[in-house]
Amino acid sequence: MIIAESEKASGLPPETILKRVATGNGTETTVARVKNAYYYNISLSLDRKFVAFAARDQDKDDIRIVPSTGGESRKLTNNNDSGLYFSRLSWLHDGSAIVFGKQTRFSLLSMINGID
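Using my numbering, the final residue of the sequence shown is 159, and nothing's skipped along the way.
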């Protein structure tokens, strides 16, 4: 199981700690510390290999992934529009793509593929 934890109760805390929790004994292991990630946009792939999240850096949203075993995050998008927001992250069953919403004045459904 992967959980997200933050000291600040906000949709966009300055730092979120992603932890792996063993279901048998409850042992916690820190997977990553992510900056400015939206709590409601953190998603574990169904194959449990990656955690995807939307984060806001320098007033722009981007989608990033981090291995569920730990390591550095990798940016999948290169957003240049401060008025564009990413939401509703959802993995395809095989973990090969992420479907997500793009919000400006209206919502648009998009997909990132070729993740492996």
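Where a beta carbon is used, it is the ideal one built from N, C-alpha and C, also for glycine.
Counting along the chain, the unbroken beta strand (DSSP E) around residue 71 starts and ends at 71-78. Residues 105 of the same chain have their beta carbon placed closer than 8 Å to that of residue 121, with the five preceding and five following residues left out of the count. The C-beta distance from residue 96 to residue 80 rounds to 4 Å, short enough to meet the 8 Å contact threshold. Between residue 155 and residue 119, the gap from beta carbon to beta carbon is short of 8 Å.
Boundaries of the beta strand (DSSP E) harbouring residue 99: 93-100, taken from the DSSP string. By DSSP's assignment, residue 59 forms a beta bridge with 77. Apart from the 5 residues on each side of it in sequence, residue 133 sits with its Cβ closer than 8 Å to the Cβ of 86, 141, 142 and 143 in its chain, given in chain order.
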